[in-house]
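Asker: One structure coming up, written as structure tokens, with questions to follow.
Protein chains in written order, with our numbering: chain A, 2 to 280; chain B, 2 to 280; chain C, 2 to 280.
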């Protein structure tokens, strides 16, 4: 197995990034209470428009206005899962991409089963989770503590590839090194910074980033990679700023949003570490 | 139609601003999950006291302790709307001002109808929304995308005036230029900064600002203008700081709160752009 | 009555602080919507792991993974209180410490009764509130406005001691000066800064700090003091930074988290103002 830099993918990202700003798609979130403010702000930072709406009475109508749907059962309840499935089915009918973030799958049976139910009833475009969450969904051994994946997942690249085949969607297992597969190709995204672990919701934010890109392209494999790369390059720039000023996690968080807002095409081209895994 | 600077209104704002600090009114919010932390912090930044409480079992008792009630169905559900109406009716009984923020009215039938139901059952003191939301409530054509008003609303000043007459409340349509009417007079508030669009919840925050002022004066027209002006001048000062340091939206947000906290009477007098629309 | 510096307690705090980083306990929160993001981030800043999970279907399983449980009914509803009791009972069965933050007890009957119900059905390890909230729970006169304690509570030290005896738990009444008792000893913690009142949720954050320490020691009296001291010393350092730069409450908040993240053992030893109240 060897890595080959994915220049052809990287070169497509800046124009997609610009396309979000021009089209201003609505990103409809059914997400958790912890990150709602952060992901709404992140959507605006990508120059898209956020809406958080979960009532069963309105999710179908709201998703009809949207460019992408985020399902993130991080603080789930039975009622919210029902609304997620309703929104997801409508999105499928309307050919709107659906990104699932299975927060804490594996931690409790209720979480694992709720996420599996969503996967059964809704056709997902992208599944983004940490390695432990994705392993839990496909029945592989993993250690999830609360909503954090702790410990290694063996054969991660193969698992991501196989999960993508199994569910017919793009799968991204993110962490220090992200593994993304569409069931055929495997890509490694090696951007990001350890400081991302010092704040809550970076996984959820990456999901919002992916949804923002998938709302402006039918190539969800590219959209997923673009979301991860832009978000993680902003984190790298933010970490430089925070380190330079000897600051901590919340200064880093502010700098992360600010850096993303100011991100230039040249930063994306120069800093992207996207590789095909081949052989 | 011409604009005449409303010196007599502007001059009253600093003493009201100080009055909030002295009386420390409780501002009872039934608001959305996205902005709860921001609006609680904003209430404190105005030196008032926030409380967020939505349970049907306690809203009537809680509003009895309050100086003003905010109803903001931004992440509504049937249960929360029921609680909003219950709290609103009690506030009416106790002569406590009620400020309604009809987030996303026009985007879905459920939102439009829920807001209309609140308007039917509760006597509102101030209605603050974006032009599209207010247009939707009075049945005028508008384009609302999620919770954002996109595109112009024709005859905005007349619509605001007529809506104020119709519902017997102060109406504020906010955006680049705010239009405020009590059904007789029309005022234009021309403060604020385009950076406000780069963060989520500035509309909801403006509503909290209005409620804070309406808790210390019976003149809700003045209270509405005072809330908008102080919040938007703080945004102008924050934008100067952020621009000077080449920063982004989250630095702007921090500076917005900090600037409001440190706002001086002289800033209010010097920077207020409040005009009567006459003719 | 006189104060004697509690050197022997202070000296134990740095190693406990380090122990959190090493063991990375999961802190399971059932908390309010206003502070969820802040308390999740604070947990990470203490280098522990947060999880927010409230569904009746999963709270028992989730608490089984946790090192401590936080119950904070700040935006309570009947369903959440039911889940809190379920989680609390399971924590009791598994000998996992439970920290209760009775937000707004005394403001409404529903809040007071819900907190009393939790106290009746769950064996609490630590009760942390403001003086008015604790007074309300033991039936003493107090003034609570929304979720804020306003006005003095007479005989505070004795009330805290007696409450601790009554409920068989550590009790901490926090404010300008914190009073902590285990029913035998009384300790005064005199750290912190008035700027803490300018942002929302510092009480809830202190509760999270206490839970983080109680997850790594069986001595909950020490754990409570350690949580208060570290959080409040970080606030002191942050206030110095913010004052030096002439900033406001949100800059202070950022600096509070950053300072806590960078807190050194020597800061804890040098700055702790912990005294036994004797005589």
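We put the beta carbon where it would ideally sit given N, CA and C, even for glycine. The structure presented is a predicted model; accordingly, all values stated were derived computationally and were not measured.
Note down the Cα distance separating residue 208 (chain B) from residue 149 (chain A), rounded to an integer number of angstroms.
Answerer: For the purposes of this step, residue 208 (chain B) is identified with residue 207 of the second chain, where counting begins at 1. For the purposes of this step, residue 149 (chain A) is identified with residue 148 of the first chain, where counting begins at 1. Cα to Cα, residue 208 (chain B) sits roughly 37 Å from residue 149 (chain A).
Asker: Would you kindly report the start and end of the unbroken beta strand (DSSP E) that includes residue 129 (chain C)?
Answerer: Residue mapping note: residue 129 (chain C) aligns to position 128 of the third chain, counting from 1. Unbroken beta strand (DSSP E) run through residue 129 (chain C): 127 to 130.
Asker: Buried or exposed for residue 112 (chain C), please, with buried defined as at least 16 other CB atoms from any protein chain shown within 10 angstroms of its CB.
Answerer: Counting from one through the third chain, the residue named residue 112 (chain C) turns up at place 111. That one is buried.
Asker: Who are the near neighbours of residue 37 (chain B) in its chain, counting only those whose CB is closer than 8 Å to its CB and skipping five residues on each side?
Answerer: Looking up residue 37 (chain B) in the second chain gives position 36. Answer for residue 37 (chain B): 30 and 53, listed in chain order.
Asker: Check the C-beta distance from residue 56 (chain C) over to residue 77 (chain A) and give it rounded, since I have them as a contact under 8 Å.
Answerer: Mapped onto the third chain, residue 56 (chain C) falls at position 55. Mapped onto the first chain, residue 77 (chain A) falls at position 76. Going by Cβ atoms, the distance from residue 56 (chain C) to residue 77 (chain A) rounds to 6 Å, so yes, they are a contact pair.
Asker: Tell me which residues share the same chain as residue 272 (chain B) and place their Cβ nearer than 6 Å to its Cβ, disregarding the 5 neighbours each side in the sequence.
Answerer: Here the question's residue 272 (chain B) lines up with position 271 in the second chain. Within the same chain, residue 272 (chain B) has close Cβ partners 234.
Asker: When you compare the stretch 9 to 24 of chain C with the stretch 257 to 276 of chain B, are there three or more beta-carbon pairs, one atom per stretch, that lie closer than 8 Å?
Answerer: These segments do not touch.
Asker: According to DSSP, what are the bridge partners of residue 39 (chain A)?
Answerer: In the first chain, counting from the first residue as 1, residue 39 (chain A) sits at position 38. For residue 39 (chain A), which the question treats as bridged, DSSP gives no partner whatsoever.
Asker: Residues of the stretch 142 to 168 of chain B in Cβ contact with chain A at a cutoff of 7 Å, in chain order, please.
Answerer: From the stretch 142 to 168 of chain B, only 146, 147, 148 and 149 have a Cβ closer than 7 Å to chain A.
Asker: For the stretch 258 to 270 of chain B, list every residue whose C-beta sits within 9 Å of some C-beta in chain C, in sequence order.
Answerer: Cβ contacts with chain C come from 258, 259, 260, 261, 262 and 263.
Asker: Suppose the cutoff is 7 Å on Cβ atoms and the five residues either side in sequence are ignored; what does the same chain contact list for residue 42 (chain B) look like?
Answerer: Residue mapping note: residue 42 (chain B) aligns to position 41 of the second chain, counting from 1. Counting only Cβ-Cβ distances below 7 Å, and skipping sequence neighbours, we find 258.
Asker: Please determine if the stretch 83 to 95 of chain C and the stretch 135 to 151 of chain C are in contact, where contact requires at least 3 C-beta pairs separated by less than 8 Å.
Answerer: The stretch 83 to 95 of chain C vs the stretch 135 to 151 of chain C: no contact.
Asker: So, does the CB of residue 71 (chain A) fall closer than 8 Å to a CB anywhere in chain B?
Answerer: The count along the first chain starts at 1 and reaches residue 71 (chain A) at position 70. No, because no Cβ of chain B sits closer than 8 Å to the Cβ of residue 71 (chain A).
Asker: Apply the 10 Å Cβ neighbour rule to residue 134 (chain B) and answer buried if 16 or more other Cβ atoms are within range, or exposed otherwise.
Answerer: Within the second chain, residue 134 (chain B) is the residue found at index 133, counting from 1. Flag for residue 134 (chain B) reads buried.
Asker: Whose Cβ in chain A lies nearer than 7 Å to the Cβ of residue 2 (chain C)?
Answerer: What you label residue 2 (chain C) is simply residue 1 of the third chain in a count that begins at 1. Within 7 Å Cβ-Cβ: nothing; residue 2 (chain C) doesn't reach chain A, min ~39 Å.
Asker: Report yes if the CB atom of residue 276 (chain B) is closer than 8 Å to the CB atom of residue 19 (chain B), and no otherwise.
Answerer: Counting from one through the second chain, the residue named residue 276 (chain B) turns up at place 275. Counting from one through the second chain, the residue named residue 19 (chain B) turns up at place 18. Their beta carbons are not under 8 Å apart, which means residue 276 (chain B) does not touch residue 19 (chain B) by this criterion.
Asker: Can you give me, in chain order, the residues of the stretch 198 to 230 of chain B that have a beta carbon less than 9 Å from any beta carbon in chain C?
Answerer: Within the stretch 198 to 230 of chain B, no residue has a Cβ that lies closer than 9 Å to any Cβ of chain C.
Asker: Report the three-state DSSP secondary structure of residue 219 (chain A) (helix, strand or coil).
Answerer: The residue given as residue 219 (chain A) occupies position 218 in the first chain. Residue state, collapsed to three classes: coil.
Asker: I'd like to know if residue 108 (chain A) contacts chain C, where contact means its C-beta is closer than 8 Å to some C-beta of that chain.
Answerer: Counted from its first residue, the first chain places residue 108 (chain A) at position 107. Yes - at least one Cβ of chain C is within 8 Å of the one on residue 108 (chain A).
Asker: Of all the options C:109, C:62, C:146 and C:147, which has the alpha carbon lying nearest to the alpha carbon of residue 107 (chain A)?
Answerer: For the purposes of this step, residue 107 (chain A) is identified with residue 106 of the first chain, where counting begins at 1. Answer by Cα proximity: C:62.
Asker: With which residues is residue 122 (chain C) paired in a DSSP beta bridge?
Answerer: Along the third chain, one-based indexing puts residue 122 (chain C) at 121. DSSP lists no partner for residue 122 (chain C).
Asker: Check whether the stretch 209 to 217 of chain B and the stretch 180 to 190 of chain B touch, using three or more Cβ-Cβ pairs below 8 Å as the test.
Answerer: Contact between the stretch 209 to 217 of chain B and the stretch 180 to 190 of chain B is absent, because fewer than three Cβ pairs lie under 8 Å.
Asker: Just reading off the alpha helix (DSSP H) that residue 16 (chain B) is part of, what are its end residues?
Answerer: For this step, residue 16 (chain B) is matched to residue 15 along the second chain. Segment 14 to 24, the alpha helix (DSSP H) holding residue 16 (chain B).
Asker: Of the residues B:147, B:155 and B:255, which one's Cα is nearest the Cα of residue 110 (chain B)?
Answerer: As a working mapping, residue 110 (chain B) is identified with position 109 in the second chain. For residue 110 (chain B), the nearest C-alpha among the options comes from B:147.
Asker: Determine the chain C residues that contact residue 45 (chain B) at a beta-carbon separation under 8 Å, and present them in chain order.
Answerer: For the purposes of this step, residue 45 (chain B) is taken as residue 44 along the second chain, with counting starting at 1. Those within 8 Å of residue 45 (chain B) in chain C are 198, 199, 200, 201 and 250.
Asker: Could you tell me how far apart the beta carbons of residue 217 (chain C) and residue 24 (chain C) are, in whole angstroms, since I believe they sit closer than 8 Å?
Answerer: In the third chain, the residue the question calls residue 217 (chain C) occupies position 216. In the third chain, the residue the question calls residue 24 (chain C) occupies position 23. 6 Å between Cβ atoms; contact.
Asker: If you count every other CB in all the chains shown that lies within 10 Å of the CB of residue 79 (chain A), and 16 or more means buried, which is it?
Answerer: In the first chain, counting from the first residue as 1, residue 79 (chain A) sits at position 78. It counts as exposed.
Asker: Are the beta-carbon atoms belonging to residue 205 (chain B) and residue 44 (chain B) less than 8 Å from one another?
Answerer: Taking the first residue of the second chain as position 1, residue 205 (chain B) is located at position 204. Taking the first residue of the second chain as position 1, residue 44 (chain B) is located at position 43. Their beta carbons are not under 8 Å apart, which means residue 205 (chain B) does not touch residue 44 (chain B) by this criterion.
Asker: So is residue 84 (chain A) in contact with chain C if we call contact Cβ pairs under 8 Å?
Answerer: Here residue 84 (chain A) refers to the residue found at position 83 when the first chain is read from its first residue. Closer than 8 Å: no.
Asker: Could you tell me which chain B residues have their CB closer than 8 Å to the CB of residue 102 (chain C), listed as they occur along the chain?
Answerer: Translated into positions along the third chain, residue 102 (chain C) becomes position 101. Near residue 102 (chain C) there are no residues of chain B at all, since even the closest Cβ is about 15 Å away, more than 8 Å.
Asker: Label residue 156 (chain B) either buried or exposed according to how many other C-beta atoms from any shown protein chain fall within 10 Å of its C-beta, with 16 as the threshold for buried.
Answerer: Taking the second chain and counting its residues from 1, the one referred to as residue 156 (chain B) is at position 155. It counts as exposed.
Asker: Tell me the rounded alpha-carbon separation between residue 74 (chain B) and residue 183 (chain C).
Answerer: Position 73 of the second chain holds residue 74 (chain B). Position 182 of the third chain holds residue 183 (chain C). For residue 74 (chain B) and residue 183 (chain C), the distance between alpha carbons rounds to 43 Å.
Asker: What in chain A is Cβ-close to residue 42 (chain B), meaning under 9 Å?
Answerer: Locating residue 42 (chain B) in the second chain gives position 41, counting from the first residue. Here the premise fails: no neighbours, minimum Cβ distance about 11 Å.
Asker: Could you check what DSSP says for residue 109 (chain B) in three-state terms: helix, strand or coil?
Answerer: The residue labelled residue 109 (chain B) in the question sits at position 108 within the second chain. Residue state, collapsed to three classes: strand.
Asker: For residue 112 (chain B), go through chain A and note every residue whose CB falls closer than 7 Å to its CB, in chain order.
Answerer: Indexing the second chain from 1 puts residue 112 (chain B) at position 111. What residue 112 (chain B) touches in chain A: 59.
Asker: Taking 7 Å as the limit between beta carbons, can you name the residues of its chain near residue 158 (chain B), skipping five residues before and five after?
Answerer: The residue labelled residue 158 (chain B) in the question sits at position 157 within the second chain. Here the set comprises 180, 187 and 278.
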